[in-house]
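Trainee:
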Amino acid sequence: MNAVPVSYYLVLSAVLFGLGVVAFIFKRNIIAVYMAIELMLNAVNLAFVAFARAWNQLDGLVFVFFVIVVAAAEAAVGLAIVITIAQNRRSLNVEDVNLLKF
Amino acid sequence: MSLLFVVFFACAALAVLGAVMLIVAREPIHSALSLILVMVALAVLYLLLGAEFIAAVQIIVYAGAVMVLFVFVIMLLNAGVEERTNWSKMAKYAGLPLAFFLLLEIARWFSLSAVGARVANGTNAVNSAAASTVDLSKMLFRDYLFPFEATSILILIAILGALVLAKRGE
């Protein structure tokens, strides 16, 4: 039924995760850094679904469900933190948030 | 058979294009729109893999709720153009080729392994795709009932945390 091998999906997942890491490191806007985290979570979800399909086990799909739930909760709390930072610092640049930096 | 490959490569190209656009875009709103492109392409890939429920959740929760939250915050904070960091010479001449070769090696290993070719022969494909949502709900509400209930507590805590953070403190 599905002729595309799992390895194709895994390579795509690796590419997307790598691009997410690159975005996480190179972006300077806090919101863009959060979007990079979401991109990495999406890449992991793709690997979960591909493996669930390969082994014919539905546990992988349940894990994707939980990852999506946790990502939604993380986005809600994270964006509240972003709003607080933007109100206190008048800036969205991650380099301006260096209170804990040694 | 070849149609599946065409759909796969089209969606994969769209997803990678969206991820690259996320990196090179300077306006946060452009990054958000390209991330939505990635999510929609991934939803089509989930359909291709026979996971209809996950595809629907991907569109409704991710491309719907989460990205609306992102766009809302970008508009609320009036996020402008971000300033660039300079690429170091080492990143340009050593990091990029090394990352490319690492990717090639990963692709080679995945295609050589027995797992990677698994769906290709079609012997262990899910027999009926329509039943997978029923099986998924049975698994979710029986085997994974406790984690499922725990996520509701997690979301409640997240709502409370967001409220406390967003309230202007005295």
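Quick mapping for you: the protein sequence lines, in order, are chains A and B. Per this note's numbering, the very first residue in the first sequence carries number 1; after that it's consecutive. Per this note's numbering, the very first residue in the second sequence carries number 1001; after that it's consecutive. For every residue, glycine included, the Cβ atom is placed at its ideal position computed from N, Cα and C. In this text, all values refer to a predicted model and were calculated from it rather than measured experimentally.
1) Candidates 1070/B, 1106/B and 1026/B: which alpha carbon is nearest residue 73/A's?
2) What are the partner residues of residue 93/A, as DSSP defines its beta bridges?
3) Any C-beta of chain A within less than 8 Å: which residues of the stretch 1027-1044 of chain B qualify?
4) Of all the options 48/A, 33/A and 14/A, which has the alpha carbon lying nearest to the alpha carbon of residue 23/A?
5) I need the DSSP call for residue 1097/B, collapsed to helix, strand or coil.
6) Scan the stretch 1055-1074 of chain B for residues whose Cβ lies nearer than 7 Å to a Cβ of chain A and list them as they occur along the chain.
7) Under 9 Å between C-beta atoms, does residue 1110/B make it to chain A?
8) What is the rounded straight-line gap between the Cα of residue 1006/B and the Cα of residue 1036/B?
9) In the DSSP assignment, find the alpha helix (DSSP H) that holds residue 1135/B and state where it starts and stops.
10) CA-CA distance, residue 25/A and residue 4/A?
11) Could you say which of 1136/B, 1017/B and 1044/B lies nearest to residue 1033/B if we only look at CA atoms?
12) Grouping DSSP H, G and I as helix and E and B as strand, with all else coil, what is residue 1092/B?
13) Suppose the cutoff is 7 Å on Cβ atoms and the five residues either side in sequence are ignored; what does the same chain contact list for residue 1041/B look like?
14) For the candidate residues 1062/B, 1054/B, 1060/B and 1073/B, whose alpha-carbon lies nearest to that of residue 65/A?
15) Checking 9 Å against the spacing of the C-beta atoms, do residue 61/A and residue 1132/B come in under that value?
Mentor: Reading from the atomic positions:
1) For the purposes of this step, residue 73/A is taken as the residue at position 73 of the first sequence. Nearest of 1070/B, 1106/B and 1026/B to residue 73/A, Cα basis: 1070/B.
2) Counting from one through the first sequence, the residue named residue 93/A turns up at place 93. Paired residue(s): 29/A.
3) 1028, 1031, 1032, 1035, 1038, 1039 and 1042
4) Start at 1 with the first residue of the first sequence, and residue 23/A comes out as number 23. Of 48/A, 33/A and 14/A, the residue nearest in Cα terms is 33/A.
5) Translated into positions along the second sequence, residue 1097/B becomes position 97. It is helical.
6) 1057, 1061, 1062, 1065, 1066, 1069, 1070, 1073 and 1074
7) Against the second sequence, residue 1110/B aligns to sequence position 110. By this cut-off, residue 1110/B is an interface position.
8) As a working note, residue 1006/B is residue 6 in the second sequence. As a working note, residue 1036/B is residue 36 in the second sequence. Each residue's Cα considered, the two are about 21 Å apart.
9) Start at 1 with the first residue of the second sequence, and residue 1135/B comes out as number 135. Looking at the DSSP string, the run of the alpha helix (DSSP H) that includes residue 1135/B is 1132-1142.
10) The residue labelled residue 25/A in the question sits at position 25 within the first sequence. The residue labelled residue 4/A in the question sits at position 4 within the first sequence. Whole-angstrom Cα-Cα distance: 32 Å.
11) As a working mapping, residue 1033/B is identified with position 33 in the second sequence. The candidate whose alpha carbon is nearest that of residue 1033/B is 1017/B.
12) Counting from 1 along the second sequence, the entry for residue 1092/B is found at position 92. Helix, per DSSP.
13) Residue mapping note: residue 1041/B aligns to position 41 of the second sequence, counting from 1. So the list reads 1011, 1014, 1015 and 1018, once near-sequence residues are dropped.
14) Here the question's residue 65/A lines up with position 65 in the first sequence. It is 1054/B whose Cα lies nearest to the Cα of residue 65/A.
15) As a working note, residue 61/A is residue 61 in the first sequence. As a working note, residue 1132/B is residue 132 in the second sequence. Taking 9 Å as the Cβ cut-off, residue 61/A and residue 1132/B qualify as a contacting pair.
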